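Chains as they are written, first to last, in my numbering: chain A, 1 to 269; chain B, 270 to 380. For glycine and all other residues, C-beta sits at the position ideal for the given N, C-alpha and C. Source: prediction; values computed, not measured.
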Amino acid sequence: MRLRVAGTTYTGAVVDLRARNVDGQTVAASIRGRRCLPAVSCPEPPAVYAYTGHVHPSMGLRTRTALAAAARSRGYETPQDDAIADRRAKLAELECSPPELPDPVDPVSESTIDGLQEAVATHRGRLTARQAVGADDEAAQAALRDAATELSELETQRAAVSETRELRRSRARAYRDTLEEQRRLADELANLRRSARATLVDRCAETFARAIDAVPGPVPDSPFDADPVTAALGVLRFAKTPAPVVLETDRFRSPTAASDCLDAPVVRC
Amino acid sequence: MLLVVTYSRPARRDLRNVCRAHEACVVRQFGRAALFSGTEFGAFQALRLHEKHGLDVQIEHVEPFEPTDVPKHVRKAAKRYEAREEPATPYERFASGRDLPDPDQLRGVDL
């Protein structure tokens with residue numbers, strides 16, 4: 001590794017920064033590519049570094065999850081892997097942004113339309129009656145025309161309203177169908193990942209127990225009851241660790257001893 | 270009544286909160302859905318959720334239902350099918366040869 005802290009460049013598999021006022025969390029974030037400073041050049045850390053890349057006394061650890069990630073770093077595979085990749089790809093494909101909907105429109109009152117239909121019928125009756133007796137029908141014709149025009153406008157408006165309504169409903173439904181599909185896939189993915197994790201933990205439980213025995217720290221009743229620091233060290237000893245591990249613990253005699261025990265490059269903070 | 274269905278975690282959380290705070294307008298609460306009373310206040314609460322969460326909140330008008338709201342032949346079909354002797358018989362096979370509507374026929378007719 002190559003690490004640059006405030007103008008000084010450190011190289012090699014073991015770097016001791018105890019004399020420098022450097023925060024271990026910052027260094028660990030840089031190693032994982034979450035920060036640019038301090039500048040670190042080292043191999044890409046595998047996913048297990050998200051759990052155990054920085055070992056310090058106040059850490060917490062989901063041991064099984066970390067152990068599963070460690071098993072992945074060693075190239076372990078599970079029968080669920082194909083299904084996991086498949087669900088991931090499907091989830092990534094699902095386009096799920098809310099659609100544009102036309103604005104909602106107020107409905108046309110049915111009673112207004114009924115009233116107008118009645119008015120048209122009345123005017124038509126009056127017109128027929130006047131024409132039958134040969135009376136002047138100009139006013140009756142005009143009244144009929146006006147009412148008919150108004151009715152037809154309202155009917156057009158009603159058709160437009162129902163079209164808008166249908167469009168809003170169908171777009172919303174398609175969107176919600178996608179959300180449901182997304183939820184179903186996410187559930188499936190979570191279940192698959194859980195069982196993959198269980199498979200991995202099962203397969204490396206014995207190796208992990210030996211690692212727990214080999215790292216310094218209090219001896220737990222069972223490997224999975226180990227305190228977070230011991231568990232993290234056990235996980236790291238088992239994991240493939242090409243990138244430097246940040247240690248902020250006094251468990252080891254020296255940073256070099258730590259590097260030997262974990263078979264990993266080490267930054268001691 | 271108004272059926273309010275939520276499609277995201279935040280919408281679901283707010284639905285739960287509304288149900289807790291305004292029990293009187295909640296007829297029934299299910300996991301991520303609830304039935305609100307058909308009052309302006311029920312609609313107000315449903316619309317609040319819709320304003321906040323957009324399409325992640327679906328609101329539907331729900332009408333009370335009685336079996337008698339459905340044509341007689343549908344009721345008869347349901348009754349006779351549920352009284353069948355062979356539990357494994359699918360409805361389609363059960364209906365054919367009897368005086369019962371076939372499923373496609375039922376599918377094509379709006380209530």
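query: So, is the C-beta of L189/A closer than 8 Å to a C-beta in chain B?
result: Walking along the first sequence from the start, residue 189/A turns up at place 189. No, its Cβ sits nowhere closer than 8 Å to a Cβ of chain B.
field: chain A contact residues for L324/B, given Cβ-Cβ distances below 9 Å
entry: Locating residue 324/B in the second sequence gives position 55, counting from the first residue. Those within 9 Å of L324/B in chain A are P98, P99, L101, R171, A172, Y175, R176 and L179.
- request: Could you give the DSSP three-state label for R353/B: helix, strand or coil?
  value: Mapped onto the second sequence, residue 353/B falls at position 84. Correct three-state label for R353/B: coil.
- prompt: Considering only C-alpha positions, which residue in the set S365/B, F334/B, V331/B and L369/B is nearest to K348/B?
  reply: Here residue 348/B corresponds to residue number 79 of the second sequence, with the count starting at 1. From the listed residues S365/B, F334/B, V331/B and L369/B, the smallest Cα separation to K348/B is found for L369/B.
- prompt: According to the neighbour-count rule (16 or more other Cβ atoms, all chains shown, within 10 Å of its Cβ), is Q314/B buried or exposed?
  reply: Within the second sequence, numbered from 1, the residue matching residue 314/B stands at position 45. Under this definition Q314/B is a buried residue.
- request: Check each candidate in E361/B, L380/B and G377/B and name the one with the smallest Cα separation from D371/B.
  value: Along the second sequence, read from residue 1 onward, the residue named residue 371/B stands at position 102. Nearest option by C-alpha distance: E361/B.
query: Mind checking S30/A: buried by the 16 CB within 10 Å criterion, or exposed?
result: As a working mapping, residue 30/A is identified with position 30 in the first sequence. The residue is buried, with at least 16 neighbouring Cβ atoms inside 10 Å.
task: Go ahead and pull the three-state DSSP assignment for R4/A.
output: Mapped onto the first sequence, residue 4/A falls at position 4. Looking at R4/A - three-state DSSP - the assignment turns out to be strand.
field: the region 256 to 263 of chain A touching the region 277 to 286 of chain B, judged by at least three CB pairs closer than 8 Å
entry: no
- prompt: Is Y276/B helix, strand or coil when you go by DSSP?
  reply: On the second sequence, position 7 is the one that residue 276/B refers to. Note: Y276/B maps to coil in three-state DSSP.
- request: Reducing DSSP to helix, strand and coil, say where L247/A ends up.
  value: As a working mapping, residue 247/A is identified with position 247 in the first sequence. Looking at L247/A - three-state DSSP - the assignment turns out to be strand.
- request: Report back the beta-carbon spacing between M270/B and V296/B to the nearest angstrom; my notes put them in contact at under 8 Å.
  value: Mapped onto the second sequence, residue 270/B falls at position 1. Mapped onto the second sequence, residue 296/B falls at position 27. Confirmed, Cβ separation roughly 6 Å.
message: Cβ closer than 7 Å: which chain A residues qualify as neighbours of Y276/B?
response: Taking the second sequence and counting its residues from 1, one reaches residue 276/B at position 7. Near Y276/B (Cβ distances below 7 Å), the residues of chain A are R176 and L179.
field: Top-ranked residue by Cα proximity to C269/A, from T9/A, R2/A, T8/A and V15/A
entry: Position 269 of the first sequence, counted from the first residue, corresponds to residue 269/A. The shortest C-alpha to C-alpha distance from C269/A to any of T9/A, R2/A, T8/A and V15/A is the one to V15/A.
- prompt: Would G12/A pass as a contact of A28/A if the rule is Cβ separation under 8 Å?
  reply: The residue given as residue 12/A occupies position 12 in the first sequence. The residue given as residue 28/A occupies position 28 in the first sequence. Not a contact, by the Cβ cut-off of 8 Å.
query: Taking the alpha-carbon positions, what's the A132/A to A139/A distance?
result: On the first sequence, residue 132/A is found 132 positions in, with the first residue counted as 1. On the first sequence, residue 139/A is found 139 positions in, with the first residue counted as 1. If you take the alpha carbons of A132/A and A139/A, they lie about 15 Å apart.
- prompt: Is R34/A helix, strand or coil when you go by DSSP?
  reply: Here residue 34/A refers to the residue found at position 34 of the first sequence. Here R34/A sits in coil by DSSP.
- request: Give the straight-line distance between the Cα atoms of T308/B and D379/B, rounded to the nearest whole angstrom.
  value: Within the second sequence, residue 308/B is the residue found at index 39, counting from 1. Within the second sequence, residue 379/B is the residue found at index 110, counting from 1. In a straight line, the C-alpha of T308/B is about 27 Å away from that of D379/B.
query: By Cβ distance, which residues of its chain are closer than 6 Å to R2/A, with the 5 residues on each side in sequence left out?
result: Mapped onto the first sequence, residue 2/A falls at position 2. Only T11 and S41 meet the Cβ criterion.
Close beta carbons around R64/A, own chain, < 6 Å, minus the five adjacent residues each side: Position 64 of the first sequence holds residue 64/A. If we look at R64/A and ignore the five residues flanking it on each side, its Cβ neighbours are V201.
- request: Return the CA-CA distance between A70/A and R282/B, expressed in angstroms with no decimal places.
  value: Within the first sequence, numbered from 1, the residue matching residue 70/A stands at position 70. Within the second sequence, numbered from 1, the residue matching residue 282/B stands at position 13. The straight-line gap from Cα to Cα measures roughly 36 Å.
- request: Identify the continuous beta strand (DSSP E) that holds F363/B and give its terminal residues.
  value: Your numbering for residue 363/B matches position 94 in the second sequence. Per DSSP, F363/B lies in no beta strand (DSSP E) segment; the continuous alpha helix (DSSP H) that holds it begins and ends at Y360 to A364.
- request: Ignore the nearest five residues each way along the sequence and tell me which others in R18/A's own chain have a CB closer than 8 Å to its CB.
  value: By 1-based counting over the first sequence, the position of residue 18/A is 18. Taken in chain order, the residues that qualify are R268 and C269.
message: Taking the alpha helix (DSSP H) that S111/A belongs to, which residues open and close that run?
response: Taking the first sequence and counting its residues from 1, one reaches residue 111/A at position 111. It spans E110 to A132 - the alpha helix (DSSP H) in which S111/A sits, taken as one unbroken run.
- prompt: Taking one C-beta from the region 67 to 83 of chain A and one from the region 233 to 245 of chain A each time, how about it: are there three or more such pairs within less than 8 Å?
  reply: yes
- prompt: Taking the C-alpha atoms as reference points, what is the distance between P107/A and R184/A?
  reply: Within the first sequence, residue 107/A is the residue found at index 107, counting from 1. Within the first sequence, residue 184/A is the residue found at index 184, counting from 1. Rounded to whole angstroms, P107/A to R184/A spans 36 Å at the Cα level.
- prompt: At least one CB of chain A closer than 8 Å to the CB of Q327/B: is that the case?
  reply: In the second sequence, the residue the question calls residue 327/B occupies position 58. Chain A, which has a Cβ nearer than 8 Å to the Cβ of Q327/B, makes this yes.
- prompt: Is DSSP giving F305/B helix, strand or coil here?
  reply: Taking the second sequence and counting its residues from 1, one reaches residue 305/B at position 36. Three-state DSSP puts F305/B in a strand.
query: With L94/A and A172/A assumed to form a contact (beta carbons below 8 Å), what rounded beta-carbon distance in angstroms separates them?
result: Against the first sequence, residue 94/A aligns to sequence position 94. Against the first sequence, residue 172/A aligns to sequence position 172. Contact flag wrong, Cβ pair sits at about 17 Å.
field: the region 217 to 230 of chain A touching the region 32 to 41 of chain A, judged by at least three CB pairs closer than 8 Å
entry: no
query: Is the region 107 to 116 of chain A close to the region 85 to 99 of chain A, with three or more CB pairs under 8 Å?
result: no
message: Runs of 4 residues minimum, wholly inside the region 137 to 222 of chain A: which ones carry the alpha helix (DSSP H) assignment?
response: 138 to 214
task: Following the continuous alpha helix (DSSP H) through R376/B, name the residue where it begins and the one where it ends.
output: Here residue 376/B refers to the residue found at position 107 of the second sequence. Segment P372 to R376, the alpha helix (DSSP H) holding R376/B.
- prompt: Taking buried to mean at least 16 other C-beta atoms within 10 Å of its own C-beta, is Q309/A buried or exposed?
  reply: Limits of chain A in this structure are 1 at one end and 269 at the other, which puts residue 309/A out of reach.
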